[in-house]
Amino acid sequence: MSAPHWLSQGTLVLASNNKGKITEFEKLFAELQLPVDVIPQGQLDIPDAIEDGLSFIENAIIKARHASKISGKPAIADDSGMCVSVLDGAPGIYSARYAGNHGNDSANNEKLLNDLKPFRQNGQVIEGMFVCVLALVEHAEDPLPQIFQGFWHGEILEAARGEHGFGYDPLFWLPELGISSAEMSKEEKNKISHRGQAMQRFRESLAQV
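What the sequence shown shows, in this note's numbering, is residues 39 to 247, in sequence order.
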């Protein structure tokens with residue numbers, strides 16, 4: 039199988055302006071040693087896309103196409119979030135703007151804790167799942183976006199724990215490890231997180247060429 043065309047383009051645009059995501063992706067991409075420069079869209083003055091899809095997959099594709107159209111380069115985008123079953127999957131695709139202020143982690147966490155209060159009876163465990171979808175497009179009108187998904191299961195704490203990570207990390211409890219995801223190092227988190235899993239699917243696709 040021949041190598042994907044995007045590997046010969048010199049640049050792959052990372053369609054994100056989220057500092058937390060960019061930090062994690064920089065480490066993950068460094069491990070891959072790709073023959074292209076992975077450049078966050080902010081360095082190319084690309085604004086955030088309007089995320090009006092109804093699913094993680096749709097929004098990831100929207101963001102990748104947006105970055106590719108403006109840059110003229112291949113692009114990869116991440117759409118991710120927290121899904122809580124007792125809230126019918128919320129915050130879901132609205133995770134970053136759950137409290138109405140895009141990217142305000144503390145407000146989003148506070149709203150999630152408040153929304154879960156009615157469900158915390160008799161020590162009930164609240165299950166949660168981080169979802170990450172990566173979409174890679176060779177060009178803005180690519181009819182076959184490549185999709186890579188990762189899922190990370192855990193529980194939602196009643197109060198924040200840990201100083202690392204971003205987003206809902208301080209509320210995400212890993213019972214098998216006895217820590218929150220905000221108590222993990224970047225290296226530890228990337229090995230098992232939803233984003234790390236999606237990147238592993240991406241890595242496996244490269245191994246097939």
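Note that CB positions come from ideal geometry on N, CA and C, so glycine has one too. In this text the structure is predicted, and so the values were computed from the model without any measurement.
(Q) Three Cβ pairs or more, each shorter than 8 Å: is that satisfied between the region 160-179 and the region 41-50? (A) yes
Q) Going by other Cβ atoms of all chains shown within 10 Å of its Cβ, with 16 needed for buried, is S118 buried or exposed? A) One-based indexing of the sequence shown puts residue 118 at position 80. Looking at its Cβ environment, which holds 16 or more other Cβ atoms inside 10 Å, S118 is buried.
Q) From D116 to R103, what distance separates their C-alpha atoms? A) What you label residue 116 is simply residue 78 of the sequence shown in a count that begins at 1. What you label residue 103 is simply residue 65 of the sequence shown in a count that begins at 1. D116 and R103: Cα-Cα distance of roughly 12 Å.
Q) Where does Q79 land, buried or exposed, given buried means 16+ other C-beta within 10 angstroms? A) Residue mapping note: residue 79 aligns to position 41 of the sequence shown, counting from 1. Looking at its Cβ environment, which holds 16 or more other Cβ atoms inside 10 Å, Q79 is buried.
Q. In its own chain, which residues sit with a C-beta less than 8 Å from the C-beta of A164, not counting the 5 before and 5 after it?
A. To locate residue 164, count along the sequence shown from 1; it is residue 126. This sequence places Ile at residue 164; Ala is not what is there. So the list reads V122, V124, L154, F157, R158, E193 and I194, once near-sequence residues are dropped.
Q.
F168 and G58 - do their beta-carbons sit closer together than 8 Å?
A. The count along the sequence shown starts at 1 and reaches residue 58 at position 20. The count along the sequence shown starts at 1 and reaches residue 168 at position 130. Not in contact: G58 and F168 (Cβ atoms no closer than 8 Å).
Q) With DSSP run on the structure shown, which of helix, strand or coil describes H202? A) Within the sequence shown, numbered from 1, the residue matching residue 202 stands at position 164. Looking at H202 - three-state DSSP - the assignment turns out to be coil, as it is neither helix nor strand.
Q) For P129 versus W44, is the C-beta distance shorter than 8 Å? A) Counting from 1 along the sequence shown, the entry for residue 129 is found at position 91. Counting from 1 along the sequence shown, the entry for residue 44 is found at position 6. No, these two residues do not count as a Cβ contact at 8 Å.
Q) Can A220 and D207 be called in contact, C-beta distance under 8 Å? A) Residue 220 sits at position 182 when you count from the first residue of the sequence shown. Residue 207 sits at position 169 when you count from the first residue of the sequence shown. In contact: A220 and D207 (Cβ atoms closer than 8 Å).
Q: Return no unless some Cβ of chain B is closer than 8 Å to the Cβ of L82.
A: The structure shown contains no chain B, having only a single protein chain.
Q) Which whole-angstrom value is the C-beta distance of L209 and L150, which I expect to be below 8 Å? A) Position 171 of the sequence shown, counted from the first residue, corresponds to residue 209. Position 112 of the sequence shown, counted from the first residue, corresponds to residue 150. Confirmed, about 7 Å.
**Q.** Neighbourhood of S231 by C-beta, 6 Å cutoff - its chain only, sequence neighbours within 5 removed
**A.** Taking the first residue of the sequence shown as 1, we reach residue 231 at position 193. For S231, where only same-chain residues beyond five positions count, the Cβ hits under 6 Å are W190.
Q) Mind checking R241: buried by the 16 CB within 10 Å criterion, or exposed? A) Indexing the sequence shown from 1 puts residue 241 at position 203. Classification for R241: exposed.
Q) In whole angstroms, what separates the C-alpha of S133 from that of M120? A) By one-based count along the sequence shown, residue 133 stands at place 95. By one-based count along the sequence shown, residue 120 stands at place 82. About 6 Å.
(Q) Can you check which of these residues, N56, S106, A68 and R233, is closest to F186 by C-alpha distance? (A) Position 148 of the sequence shown, counted from the start, is the residue given in the question as residue 186. Answer by Cα proximity: R233.
Q: Give the range of the beta strand (DSSP E) segment to which D188 is assigned.
A: For the purposes of this step, residue 188 is identified with residue 150 of the sequence shown, where counting begins at 1. As written in the sequence, residue 188 is Gly, which differs from the Asp given in the question. Looking at the DSSP string, the run of the beta strand (DSSP E) that includes G188 is Q184 to I194.
(Q) Going by the DSSP bridge assignment, what does A173 pair with across the sheet? (A) Here residue 173 corresponds to residue number 135 of the sequence shown, with the count starting at 1. DSSP lists A115 and I185 as partners of A173.
(Q) My parser needs the alpha helix (DSSP H) runs of 4 or more residues fully inside the region 53-121; what are they? (A) 57-70 and 94-109
Q. Quick one: what's got a C-beta closer than 8 Å to S243's C-beta in the same chain, skipping five residues either side?
A. Taking the first residue of the sequence shown as position 1, residue 243 is located at position 205. The residues are Q184 and F186.
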